[in-house]
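Each remark here refers to the structure printed beneath this line.
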Amino acid sequence: MSEQRYYLVREDVLTEAMQKTLEVKKMLQNDRISIMDAVNKTGLSRSAFYKYRDAVFPFHSIVKERILTVFLQLEDRSGTLATLLQSVAENGCNILTIHQTIPIQGRANVTLSLDVTAMDGDLDVFLQQLKKLDFVESADVVSSGSS
Numbered sequence: 001m002s003e004q005r006y007y008l009v010r011e012d013v014l015t016e017a018m019q020k021t022l023e024v025k026k027m028l029q030n031d032r033i034s035i036m037d038a039v040n041k042t043g044l045s046r047s048a049f050y051k052y053r054d055a056v057f058p059f060h061s062i063v064k065e066r067i068l069t070v071f072l073q074l075e076d077r078s079g080t081l082a083t084l085l086q087s088v089a090e091n092g093c094n095i096l097t098i099h100q101t102i103p104i105q106g107r108a109n110v111t112l113s114l115d116v117t118a119m120d121g122d123l124d125v126f127l128q129q130l131k132k133l134d135f136v137e138s139a140d141v142v143s144s145g146s147s
């Protein structure tokens, strides 16, 4: 498992594709526009948008509401979801939504939306703790911020 770290960077050091991705995301949030129309307006390829859409976020959206959506792949064992949720609660996160798929081939996918405003520690440390649970095969941030 690779360790993911998060950084705050100035806009002028982002690649042009990353800056355009942020512009497309803003259009999608504020205007009733399709992804295709938004990428065409900005001159960004769809593949570049999909590459960066879950990786770059405007600072204000993360500060305003600290909502984190995490996608996990778990081994199908009795008590894994309960243990996972206990770990989330122990880190001071408020669980907003839970979606779990039916286990297939011994694996279940779980998506958690969490309010991390009162989280006790660092986000990177929290994610690493989740990944270290013996039944967690992967844990990835799907989105963070207000959506």
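Numbering (UniProt numbering), first residue to last: 1 to 147. Glycine is no exception: its CB is placed at the ideal position from the N, C-alpha and C atoms.
Residues sharing a beta bridge with residue i, DSSP
i: A139; result: L72
i: D115; result: I67, N94
i: V110; result: L72, Q100
Backbone CA spacing between residue i and residue j [nearest angstrom]
i: F71; j: S143; result: 9 Å
i: L133; j: E23; result: 37 Å
i: A139; j: Q19; result: 26 Å
i: E137; j: V116; result: 22 Å
i: S147; j: V56; result: Confidence is the limiting factor: at S147 the pLDDT is only 42, short of 50, which leaves the residue's position unreliable and the question unanswerable from this model.
i: L130; j: H99; result: 17 Å
Assigned secondary structure, residue i (DSSP; H/G/I helix, E/B strand, else coil)
i: L8; result: coil
i: I35; result: helix
i: Q105; result: coil
i: S47; result: helix
i: N91; result: coil
i: D124; result: helix
Distance CB(residue i)-CB(residue j) smaller than 8 Å
i: R32; j: E75; result: no
Residue of the options minimising C-alpha distance to residue i
i: D122; options: V110, N91, F135, T97; result: N91
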